[in-house]
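Engineer: Keeping their order, the protein sequence lines are chains A and B. Quick note on numbering: the first sequence equals residues 84 to 364 in the numbering used here. Quick note on numbering: the second sequence equals residues 7 to 301 in the numbering used here. We put the CB at the ideal spot given by N, CA and C, even for glycine. Have a look at this one before I ask anything.
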Amino acid sequence: MFPRPIEQTSAPAQWLYRIAVPVALILWLLPLIGVAVTSVRPASDLAQGNYFGMPSSLAFSNYRDVFANSPMGAYMLNSFKVTIPTVIGAVALSCMTGFALAIYRFRSNLLVFFLFVAGNFVPFQILMVPVRDLTLHLGMYNSWYGLALFHIAFQTGFCTLFMRNFIKALPFELIEAARVEGVSEVRIFWYVVLPLMRPAIAALSVLIFTFIWNDFFWATVLSNSPESQPITAGLSSLNGQWIAQWHLVSAGSILAAVPPVAMFFLMQRHFIAGLTLGAVK
Amino acid sequence: MTDFWKSNQRRIAPWLFLAPGLFMFAVYVIIPIFQSLWISLYDWDGLGAKVWIGTANYVELWDDDAFYTSLKNNVIWLILYLLAVPAGLFIAIFLNQTITGMRLYKSLFFFPFVISQVVVGLIFSWFYAPDFGLFYKLIELLTGQSIAILADDRFVTYGIIAAGLWPQIAYVMILYLTGLNNVAPDQIEAARLDGAKGWRMLWYVVLPQLRPATFIAVVVTVIGALRSFDLVSIMTDGGPYGSSRVLSFYMYEQALSEYGYRMGYGAAIAVVLFAIMMVFISGFIWKMWRDESER
């Protein structure tokens with residue numbers, strides 16, 4: 084193990100370490116803690132210049148105000164409407180593409196694979212004008228499905244990379260055995276490979292959920308009305324209206340952060356497995 | 007028909023499985039790249055008729071000061087963003103212990119990466135806010151000067167990059183923590199018996215084994231630096247006076263903001279950014295291709 088396990092060092096060093104870790108953590112998360120505290124700080128505190136002391140009282144009413152005086156509820160709903168279909172669509176498509184690229188040997192296999200990988204890295208701006216134009220022409224501007232369709236297509240690149248590497252690591256004998264038995268290719272996919280892909284599906288789902296929930300660029304390019312904007316774009320426009328009302332901005336920020344954070348904590352193991360696949364051989 | 011399927015299914019099946027994904031990817035990713043290349047040769051407001059102007063957009067870029075400001079900021083972003091790699095490694099090494107509660111500590115350290123860049127941008131704007139921001143107060147206390155980071159064209163880009171580094175370091179840290187988990191213990195013990203420790207151990211024994219993690223960390227950091235848009239848009243909207251623009255933001259501003267709907271000019275900026283990124287993407291692909299062929 085590297086570095087040397089702390090248990091092998093002297094008792095004072097161990098104590099020092101046990102104190103250093105939480106202190107470092109608090110410093111690291113200081114900006115976030117500040118915002119969380121501000122989100123329950125009464126507006127009167129801010130007016131009196133009490134920005135960093137203890138709040139004079141806990142004003143959970145800030146959250147109520149955010150929901151009552153802004154379309155925050157609609158924004159959150161829109162985010163779910165875009166995110167959930169994207170997760171399902173991108174995972175479904177990439178299960179198939181990943182299977183095709185991992186199991187079959189054909190001449191353009193690597194070419195197709197690297198097309199997906201390279202496409203996944205391109206800057207969004209090179210796609211912006213044509214994709215916006217296409218979405219307008221399909222009459223999907225300002226709709227959750229216009230956003231979701233684009234996200235499904237784009238995320239398929241990353242998901243294919245992930246799924247293909249995952250399936251490639253499965254024992255190939257399983258597929259050969261099924262073929263000897265005369266099982267058709269479609270049934271091999273459905274009954275042999277798909278059940279083994281559960282961990283990969285879970286990992287990708289949490290990861291894509293977070294990516295799409297947090298997307299800001301496409302939310303601003305493909306929508307502009309409060310009826311259809313996801314929370315990231317909504318928060319940005321609310322920030323323009325709530326100048327200097329930091330208690331409301333903070334409450335809105337915390338609301339926007341809760342779903343991906345909850346997702347991460349519930350599915351932590353899968354999330355990290357998803358992020359690091361490829362880094363671990 | 008069924009006979010044909012039976013005897014050829016192994017040749018046809020991959021394409022059937024690929025068809026839906028490849029179709030979507032072609033429509034929304036591959037084809038738009040070429041369309042953008044094409045649009046960059048036109049003068050177009052997004053609604054009316056396109057007017058062919060050849061390379062005029064690129065000629066205009068050549069003399070555009072705002073373009074050079076953006077390009078310069080992109081270079082600063084790229085260089086400083088790479089600090090996330092050593093910083094992430096440092097935190098990973100610091101946290102790679104097994105005291106009680108370590109799992110929770112690790113996930114809390116990872117927190118900044120999970121939240122949206124919009125939220126990160128708002129958090130840091132508040133942190134830097136003149137008169138009451140925590141960071142503002144700290145600088146005032148230490149130097150006696152009051153500096154409004156986000157309103158000062160000397161510091162604004164660095165202030166935004168610092169905000170971007172926060173989640174990026176968390177990401178790199180997780181990559182390295184997993185990597186450290188997989189370092190072969192017997193090699194560490196052997197090196198320890200040979201008297202290696204500290205920096206030498208890290209450099210000669212540990213880092214070579216962390217190479218796959220380092221590769222991914224560099225890839226995601228470079229791509230992240232060149233994609234930076236959210237933070238610039240949220241924290242400064244490119245200001246003050248356009249001094250914190252990066253190419254991705256400048257492109258958006260030209261093509262889709264109140265400054266005008268210059269789709270052709272925007273596309274030309276996007277093409278330049280794409281060309282820069284292609285240099286890196288080709289490098290990554292070349293390395294991955296080599297690894298694939300070696301297997």
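Which residues does DSSP list as the beta-bridge partners of V57 (chain B)?
Structural biologist: Indexing the second sequence from 1 puts residue 57 (chain B) at position 51. Paired residue(s): B:D49.
Engineer: In terms of alpha-carbon separation, which member of A:I235, A:P254, A:A327 and A:R262 lies closest to L28 (chain B)?
Structural biologist: Residue 28 (chain B) sits at position 22 when you count from the first residue of the second sequence. Among A:I235, A:P254, A:A327 and A:R262, the Cα nearest to that of L28 (chain B) is on A:I235.
Engineer: Taking only three categories from DSSP, how would you classify S191 (chain A)?
Structural biologist: Here residue 191 (chain A) refers to the residue found at position 108 when the first sequence is read from its first residue. In this structure, S191 (chain A) counts as coil in the three-state DSSP scheme.
Engineer: Who are the neighbours of E256 (chain A) on chain B, taking C-beta pairs under 7 angstroms?
Structural biologist: The residue labelled residue 256 (chain A) in the question sits at position 173 within the first sequence. Residues of chain B passing the Cβ test: none, with the nearest at roughly 17 angstroms.
Engineer: Flag this pair as yes or no: are the beta carbons of A183 (chain A) and F23 (chain B) separated by less than 7 angstroms?
Structural biologist: Sequence index remark: in the first sequence, residue 183 (chain A) carries index 100 (1-based). Sequence index remark: in the second sequence, residue 23 (chain B) carries index 17 (1-based). Taking 7 angstroms as the Cβ cut-off, A183 (chain A) and F23 (chain B) qualify as a contacting pair.
Engineer: Using a Cβ-Cβ distance cut-off of 7 angstroms, determine whether A276 (chain B) contacts chain A.
Structural biologist: Translated into positions along the second sequence, residue 276 (chain B) becomes position 270. Closer than 7 angstroms to some Cβ of chain A, the Cβ of A276 (chain B) qualifies, so yes.
Engineer: Distance check for E259 (chain A) and L171 (chain B), CA to CA, integer angstroms please.
Structural biologist: For the purposes of this step, residue 171 (chain B) is taken as residue 165 along the second sequence, with counting starting at 1. For the purposes of this step, residue 259 (chain A) is taken as residue 176 along the first sequence, with counting starting at 1. Going by the C-alpha atoms only, they are around 47 angstroms apart.
Engineer: Identify whether C122 (chain A) lies in helix, strand or coil by the three-state DSSP scheme.
Structural biologist: For the purposes of this step, residue 122 (chain A) is taken as residue 39 along the first sequence, with counting starting at 1. The question names Cys, yet the displayed sequence has Ser at residue 122 (chain A). Reduced to three states, the DSSP call for S122 (chain A) is coil.
Engineer: Kindly list, in the order they appear in chain A, the residues whose Cβ is closer than 8 angstroms to that of I129 (chain B).
Structural biologist: Mapped onto the second sequence, residue 129 (chain B) falls at position 123. Going along chain A in sequence order, the residues near I129 (chain B) (Cβ under 8 angstroms) are P114, L115, G117, V118 and S336.
Engineer: Comparing C-alpha positions only, which one of A:I89, A:L217, A:A345 and A:A302 sits nearest to T104 (chain B)?
Structural biologist: Along the second sequence, read from residue 1 onward, the residue named residue 104 (chain B) stands at position 98. For the residues A:I89, A:L217, A:A345 and A:A302, the minimum Cα distance to T104 (chain B) belongs to A:I89.
Engineer: Closest by CA to W50 (chain B), which one among A:P278, A:A356, A:V212 and A:Q351?
Structural biologist: The count along the second sequence starts at 1 and reaches residue 50 (chain B) at position 44. Closest by alpha carbon: A:V212.
Engineer: Round the Cβ separation of T239 (chain A) and M30 (chain B) to the nearest angstrom and send it over; I've been treating them as touching at under 8 angstroms.
Structural biologist: Taking the first sequence and counting its residues from 1, the one referred to as residue 239 (chain A) is at position 156. Taking the second sequence and counting its residues from 1, the one referred to as residue 30 (chain B) is at position 24. With 8 angstroms as the limit, T239 (chain A) and M30 (chain B) qualify as a contact, their Cβ atoms being about 6 angstroms apart.
Engineer: Just checking, does the segment 226 to 234 of chain B make contact with the segment 105 to 114 of chain B on the three C-beta pairs under 8 angstroms criterion?
Structural biologist: No, they do not touch.
Engineer: What did DSSP end up calling S113 (chain B) once you bin it into helix, strand or coil?
Structural biologist: Start at 1 with the first residue of the second sequence, and residue 113 (chain B) comes out as number 107. In the structure shown, S113 (chain B) sits in a helix (DSSP, three-state: H, G or I).
Engineer: Which runs of the alpha helix (DSSP H) spanning at least 4 residues fall entirely within the segment 170 to 256 of chain B, listed in chain order?
Structural biologist: Listed in chain order, they are 191 to 199, 204 to 207, 217 to 233 and 236 to 241.
Engineer: When you compare each of B:K293, B:V252, B:A276 and B:I291 to A72 (chain B) by their alpha carbons, which one comes out closest?
Structural biologist: Locating residue 72 (chain B) in the second sequence gives position 66, where the first residue counts as 1. For the residues B:K293, B:V252, B:A276 and B:I291, the minimum Cα distance to A72 (chain B) belongs to B:V252.
Engineer: Quick one: residues in its chain with C-beta nearer than 7 angstroms to the C-beta of Y100 (chain A), no 5 flanking neighbours on either side, listed in chain order?
Structural biologist: The residue you call residue 100 (chain A) lines up with position 17 of the first sequence. For Y100 (chain A), where only same-chain residues beyond five positions count, the Cβ hits under 7 angstroms are I89.
Engineer: For the 8 angstroms Cβ check, are there 3 or more pairs between the segment 270 to 290 of chain B and the segment 192 to 200 of chain B?
Structural biologist: No contact exists between the segment 270 to 290 of chain B and the segment 192 to 200 of chain B.
Engineer: What is the residue span of the alpha helix (DSSP H) that N322 (chain A) lies within?
Structural biologist: Position 239 of the first sequence holds residue 322 (chain A). N322 (chain A) -> alpha helix (DSSP H) spans I314 to Q324.
Engineer: Under three-state DSSP, which class holds A94 (chain A)?
Structural biologist: By 1-based counting over the first sequence, the position of residue 94 (chain A) is 11. Reduced to three states, the DSSP call for A94 (chain A) is helix.
Engineer: I need the straight-line Cα distance from F196 (chain A) to W58 (chain B), nearest angstrom please.
Structural biologist: The residue labelled residue 196 (chain A) in the question sits at position 113 within the first sequence. The residue labelled residue 58 (chain B) in the question sits at position 52 within the second sequence. Between F196 (chain A) and W58 (chain B), the C-alpha separation is close to 35 angstroms.
Engineer: Determine whether the Cβ of F96 (chain B) lies closer than 7 angstroms to any Cβ atom of chain A.
Structural biologist: As a working note, residue 96 (chain B) is residue 90 in the second sequence. F96 (chain B) does not count as touching chain A.
Engineer: Excluding the five sequence neighbours on either side, which residues of its own chain have a C-beta within less than 8 angstroms of the C-beta of I116 (chain A), listed in chain order?
Structural biologist: Stepping through the first sequence from its first residue, residue 116 (chain A) is reached at position 33. Within the same chain, I116 (chain A) has close Cβ partners I109.
Engineer: What is the rounded straight-line gap between the Cα of F245 (chain A) and the Cα of M137 (chain A)?
Structural biologist: The count along the first sequence starts at 1 and reaches residue 245 (chain A) at position 162. The count along the first sequence starts at 1 and reaches residue 137 (chain A) at position 54. Straight-line Cα distance between these residues: approximately 46 angstroms.
Engineer: Alpha carbon to alpha carbon, how far is S122 (chain B) from N307 (chain A)? Give it in angstroms, no decimals.
Structural biologist: On the first sequence, residue 307 (chain A) is found 224 positions in, with the first residue counted as 1. On the second sequence, residue 122 (chain B) is found 116 positions in, with the first residue counted as 1. Spanning the two alpha carbons is a distance of roughly 19 angstroms.
Engineer: Is there a Cβ from chain C that is less than 7 angstroms from the Cβ of W132 (chain B)?
Structural biologist: The structure shown contains no chain C; its protein chains are A and B.
Engineer: Mind listing the chain B neighbours of S226 (chain A)? Cutoff is C-beta to C-beta under 9 angstroms, in chain order.
Structural biologist: Counting from 1 along the first sequence, the entry for residue 226 (chain A) is found at position 143. The premise fails here: S226 (chain A) is roughly 15 angstroms from chain B at the closest Cβ pair, so nothing lies under 9 angstroms.
Engineer: Near F354 (chain A), which residues of its chain fall below 8 angstroms by C-beta distance, leaving aside the five closest residues on each side in sequence?
Structural biologist: Indexing the first sequence from 1 puts residue 354 (chain A) at position 271. So the list reads A286, V289, L290, T293, M346 and F347, once near-sequence residues are dropped.
Engineer: Quick check on DSSP: helix, strand or coil for F347 (chain A)?
Structural biologist: Here residue 347 (chain A) refers to the residue found at position 264 of the first sequence. Residue state, collapsed to three classes: helix.
Engineer: Residues of chain B with a CB under 8 angstroms from the CB of P213 (chain A): which are they?
Structural biologist: Here residue 213 (chain A) refers to the residue found at position 130 when the first sequence is read from its first residue. Those within 8 angstroms of P213 (chain A) in chain B are I37, P38, Q41, S42 and I45.
Engineer: Taking contact to mean 3 or more Cβ pairs, one atom from each stretch, closer than 8 angstroms, check whether the segment 158 to 171 of chain B and the segment 114 to 131 of chain B are in contact.
Structural biologist: Taking 8 angstroms as the limit for Cβ pairs, the verdict is that the segment 114 to 131 of chain B does touch the segment 158 to 171 of chain B.
Engineer: I'd like the span of the alpha helix (DSSP H) that includes Y74 (chain B), first residue to last.
Structural biologist: As a working note, residue 74 (chain B) is residue 68 in the second sequence. It spans D71 to Y87 - the alpha helix (DSSP H) in which Y74 (chain B) sits, taken as one unbroken run.
Engineer: So G240 (chain A) contacts chain B; which residues on that side make the cut at Cβ distance below 8 angstroms?
Structural biologist: Here residue 240 (chain A) refers to the residue found at position 157 of the first sequence. Within chain B, the residues near G240 (chain A) are F31 and V35.
Engineer: Would I287 (chain B) pass as a contact of F272 (chain A) if the rule is Cβ separation under 7 angstroms?
Structural biologist: For the purposes of this step, residue 287 (chain B) is taken as the residue at position 281 of the second sequence. For the purposes of this step, residue 272 (chain A) is taken as the residue at position 189 of the first sequence. No, the Cβ-Cβ distance between I287 (chain B) and F272 (chain A) is not below 7 angstroms.
Engineer: So, does the CB of G230 (chain B) fall closer than 7 angstroms to a CB anywhere in chain A?
Structural biologist: Here residue 230 (chain B) refers to the residue found at position 224 of the second sequence. Cβ-Cβ to chain A under 7 angstroms: no for G230 (chain B).
Engineer: Which residue comes first and which comes last in the alpha helix (DSSP H) that contains N161 (chain A)?
Structural biologist: In the first sequence, counting from the first residue as 1, residue 161 (chain A) sits at position 78. Taken as a continuous stretch (DSSP letters only), the alpha helix (DSSP H) holding N161 (chain A) covers M155 to I186.
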